[in-house]
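Chemist: Pasting in a structure now, in structure tokens, and then I'll have a few things to ask.
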Amino acid sequence: MICNKVTQKMQFESVIQRLVFITTHTESANFLCCPACCRKLSAEELERKRREMMDQAKQREEDRENNVKRYKRQDEQEKQREQNAKHDRHAGFIHNMKLESAASSSLEDRVKRNIHSIQRTPASLDNFMKR
1 MICNKVTQKM
11 QFESVIQRLV
21 FITTHTESAN
31 FLCCPACCRK
41 LSAEELERKR
51 REMMDQAKQR
61 EEDRENNVKR
71 YKRQDEQEKQ
81 REQNAKHDRH
91 AGFIHNMKLE
101 SAASSSLEDR
111 VKRNIHSIQR
121 TPASLDNFMK
131 R
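The sequence shown begins at 1 in the UniProt record's numbering and counts up by one.
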């Protein structure tokens, strides 16, 4: 029976060997990697790979265009929802009340309503008394 540490060491060594193999046998445009060896691609294989890449590029472009269209539709729908929310009964009710109030009041009424926000310093009170 093999000890547990020995099996772990063997597994670790096999992982290292696989990593070394992967790093030394990388795939490039002119070579097709297989576990046995690397060989140069033939003209037919290169042409097939080019066609595959072109097909993938076309598909990617179509997907991108579809995504852009979908995002534009979503933006338009969101803008439409915002417009509907502005004209909603509750929001319009407050807005209409503000408009009515501003249309019917004078400058004097507005000053009287905002009197609480006037600064109360001794100088301003002095000027107020002079009036």
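Cβ coordinates follow ideal geometry from the N, Cα and C atoms, glycine included. Keep in mind that this is a model prediction, so the values were computed, not measured.
Between R110 and E76, what straight-line distance do the alpha-carbon atoms span, to the nearest angstrom?
Modeler: As a working mapping, residue 110 is identified with position 110 in the sequence shown. As a working mapping, residue 76 is identified with position 76 in the sequence shown. The alpha-carbon atoms of R110 and E76 are separated by roughly 40 Å.
Chemist: Taking only three categories from DSSP, how would you classify R120?
Modeler: In the sequence shown, residue 120 corresponds to position 120, counting from 1. Residue state, collapsed to three classes: coil.
Chemist: Could you tell me the alpha carbon to alpha carbon distance between E61 and L41, rounded to whole angstroms?
Modeler: Counted from its first residue, the sequence shown places residue 61 at position 61. Counted from its first residue, the sequence shown places residue 41 at position 41. E61 and L41: Cα-Cα distance of roughly 27 Å.
Chemist: Are the Cβ atoms of I115 and S124 separated by less than 9 Å?
Modeler: By one-based count along the sequence shown, residue 115 stands at place 115. By one-based count along the sequence shown, residue 124 stands at place 124. Contact flag unset, no.
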